[in-house]
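Structure first, then comments.
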Amino acid sequence: MSATSYDALIIGSGQAGNPLAYALAEAGRRVALIESTYLGGSCVNYGCAPTKIMLASAQRAHLVRTAGELGIETPPPTVDFAAVVARKDRITRKARAGIERNLTEEHANITLVRGRARFTAPNTLHADLNDGAGSTSLTAPLIFLNTGTRAAVPPIPGLEQAGYLTNETLLLDLKEQPEHLIILGGSYIGVEFGQMFRRLGSRVTVLDTAPAIMSHEDADVSAPLQALLEAEGVEFVLEAQARHVSRNAEGLLTLTADTPAGERRIRGSHLLVATGRVPNTADLGLELAGIETDEAGYIRVDEHLRTPAKGVYALGDVKGGPQFTHISYDDYRIVRDIVLHDQTRPTTGRPLPYVVFTEPQLGRIGLSKEQAREQKIPFRVSRLPASTIGRANETGLTDGFVEVLVGDDDRLLGAAVLCEQGGEIMTMFQLAMAGNLRYQQLVDMIIAHPTWAEVLNNVFQRLRRGQ
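Residue numbers for the sequence shown follow the UniProt record's numbering, beginning at 1 and rising by one.
Next comes the structure, spelled out in structure tokens:
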């Protein structure tokens with residue numbers, strides 16, 4: 001079979017692959033984008049977007065449920081789970097359709113190949129087309145790998161036989177509301193799904209092997225978040241090692257775990273596995289192109305996202321490191337500028353903002369206290385309870401805190417914002433860091449009253465030397 005030649009091949013229609021295809025096509029390059037499943041990758045289909053769509057429904061239910069705190073008496077909300085799922089599916093389909101139009105109608109230089117690709121030689125791919133439509137061979141001097149990750153599934157006896165959900169199957173396939181959702185994993189996915197399903201009316205139990213949820217955070221950040229979730233009825237079983245899973249004839253699932261208090265048997269209707277991610281690299285034939293992976297299967301790249309194979313780059317989650325949509329999109333910008341504008345910018349040293357979309361949100365930028373200690377960077381820290389923010393008291397959204405770290409040069413080192421609008425407030429601190437502002441400039445800035453942004457005036461008033 002002779003190979004069809006292109007200027008560039010992209011495997012994966014994710015948050016780096018799609019904009020790169022558009023940019024290359026607009027620059028006159030002939031591009032083939034190969035995708036085996038849903039256009040848009042994980043973010044559009046079973047990650048950020050559908051999760052936040054369902055979280056919005058859960059938030060509305062919670063607002064109705066708690067309206068009495070503001071003097072509004074209402075009956076308890078009735079959650080129509082089928083309607084919640086239908087809304088999520090409707091918005092997701094619209095997003096996919098928009099991506100398909102961009103790839104197939106708006107950009108004449110893009111060929112969309114629906115199938116699964118693998119290397120057969122350097123700069124050469126073989127794609128088995130979907131629905132048994134045959135196969136094709138493609139070649140190009142530039143190849144970009146944006147194949148993403150999938151849920152890691154721990155080897156727990158009985159798990160496969162009992163059945164389980166991942167974030168992908170839950171968001172793509174789940175139609176009935178869980179009566180009792182058991183979640184394995186107390187990190188970002190676990191806590192977001194935990195609060196969401198609790199607010200939608202499910203009973204929720206979260207298990208984790210660590211002594212605290214979200215173990216990458218400082219303990220005095222994760223502990224208040226856990227307390228807030230527990231107050232809403234989310235149950236946590238920590239330092240728990242899942243030992244066995246079974247399901248009886250009536251469909252009831254039992255998870256047996258070893259805990260510090262002894263054996264614990266938790267019975268539920270559904271089990272969500274949220275214990276990490278693994279890269280989609282096993283079937284790519286990387287060795288035939290001279291592309292290396294690390295011990296976990298992630299593609300090795302340099303600081304400019306280049307693999308050892310000439311002309312081959314890896315972008316997004318498949319290369320390892322922080323797995324966020326905004327990092328994938330920045331990977332696209334780095335590669336675009338290398339290929340089209342002869343400009344190089346490394347991945348090292350770029351900021352890593354992120355938001356955990358619980359309510360209140362947890363926004364993080366820069367160094368945590370523990371990271372500053374590990375790097376032996378002197379810091380001062382100030383933490384302001386959200387209850388001291390005027391806007392918080394006016395709206396009744398007083399849970400959480402705003403914490404900032406300041407270096408000896410009076411510039412921000414980082415911030416952790418666990419409060420209403422946490423992601424937006426964190427981004428204001430990120431802008432201050434990008435502008436290299438001293439904290440005194442924020443203290444003295446005239447900020448409209450009453451806004452959440454006024455916390456920038458006040459949060460530094462309790463600065464103390466960090467230990």
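Beta carbons: idealized from backbone N, C-alpha and C, even for Gly.
Item: Does Gln361 come out as helix, strand or coil in the three-state DSSP assignment?; Value: strand
Item: Sort out for me which residues DSSP pairs Arg464 with in a bridge.; Value: Val381
Item: Would you mind reading off the limits of the alpha helix (DSSP H) that contains Glu263?; Value: No alpha helix (DSSP H) holds Glu263; the beta strand (DSSP E) holding it covers Gly262 to Gly268.
Item: Using CA atoms only, rank isn't needed, just tell me which of Ala219, Asn280 and Gly148 is closest to Gly40.; Value: Gly148
Item: For the segment 127–169, which segments carrying the beta strand (DSSP E) assignment without a break, of at least 3 residues, lie completely within its bounds, in sequence order?; Value: 135–139, 142–145 and 149–151
Item: With distances taken from CA atoms, which of Ile446, Asn436 and Ser382 is nearest Ala416?; Value: Ser382
Item: Determine, using beta-carbon pairs with one atom in the segment 242–251 and one in the segment 395–404, whether at least three such pairs fall under 8 angstroms.; Value: no
Item: Three-state secondary structure (DSSP) at Glu69?; Value: helix
Item: Give the DSSP bridge partners of Asp258, in chain order.; Value: Gln241 and Glu263
Item: When DSSP labels each residue in this structure, what does Val339 get in the three-state scheme?; Value: helix
Item: Please determine, among His107, Val204 and Gly98, the residue with the shortest C-alpha to C-alpha distance to Gln177.; Value: Val204
Item: May I ask you to report which of helix, strand or coil DSSP gives Ile182?; Value: strand
Item: As a quick exercise: from Gln375, Leu305 and Leu463, pick the residue whose alpha carbon is nearest that of Arg345.; Value: Leu305
Item: For Tyr329, does the three-state DSSP call read helix, strand or coil?; Value: helix
Item: Assuming Tyr313 is part of the beta strand (DSSP E), what are its boundary residues?; Value: Val312 to Ala314
Item: Would you mind giving the Cβ-Cβ distance between Glu235 and Val206, rounded to the nearest angstrom? I have them listed as a contact below 8 angstroms.; Value: 7 angstroms
Item: Classify Leu352 as helix, strand or coil using the three-state DSSP reduction.; Value: coil
Item: So, helix, strand or coil for Phe324, using DSSP?; Value: coil
Item: Measure the beta-carbon distance from Ala219 to Tyr6 and round it to whole angstroms, keeping in mind my assumption that it falls under 8 angstroms.; Value: That pair is no contact at about 51 angstroms.
Item: Are at least three pairs of beta-carbons, each pair with one atom in the segment 170–186 and one in the segment 263–275, less than 8 angstroms apart?; Value: yes
Item: Just checking my contact of Leu352 with Pro322 at CB under 8 angstroms: how many whole Å lie between their CB atoms?; Value: 6 angstroms
Item: Could you tell me the boundaries of the beta strand (DSSP E) in which Pro279 lies?; Value: Arg277 to Pro279
Item: Measuring only the C-alpha atoms, how far is Ser246 from Leu238?; Value: 21 angstroms
Item: Asp302: buried (16+ other C-beta within 10 angstroms of its C-beta) or exposed?; Value: exposed
Item: When the distance is taken between beta carbons, is Val318 closer than 8 angstroms to Leu145?; Value: yes
Item: Touching or not, the segment 12–21 and the segment 39–59, by the rule of three or more beta carbon pairs under 8 angstroms?; Value: yes
Item: Among Asp128, Val273, Glu35 and Gly194, which one has its Cα closest to the Cα of Ala58?; Value: Gly194
Item: Strictly by DSSP, which residues pair up with Cys419?; Value: Gln361
Item: Could you tell me whether the Cβ atoms of Pro77 and Arg87 are closer together than 8 angstroms?; Value: no
Item: So what does DSSP say about Val44, is it helix, strand or coil?; Value: helix
Item: How big is the Cα-Cα spacing for Met214 and Ser328?; Value: 22 angstroms
Item: Mind checking Arg350: buried by the 16 CB within 10 Å criterion, or exposed?; Value: exposed
Item: Quick check on residue 468: does DSSP put it in helix, strand or coil?; Value: Because the chain in this structure spans residues 1 to 467, residue 468 falls outside the shown range and cannot be described.
Item: Among the candidates Leu228, Ala242, Pro224 and Gln343, whose CA atom is the shortest distance from the CA of Ile209?; Value: The residue asked about is misnamed: residue 209 is Thr in this sequence, not Ile. Of the listed residues, the one whose Cα sits closest to Thr209 is Ala242.
Item: Measure the alpha-carbon distance for Glu394 versus Glu420 and round it to whole angstroms.; Value: 12 angstroms
Item: On the premise that Ala309 lies in contact with Ala296, defined as a C-beta separation below 8 angstroms, what is that separation, rounded to the nearest angstrom?; Value: In fact, because the Cβ distance is near 19 angstroms, the residues do not count as touching under 8 angstroms.
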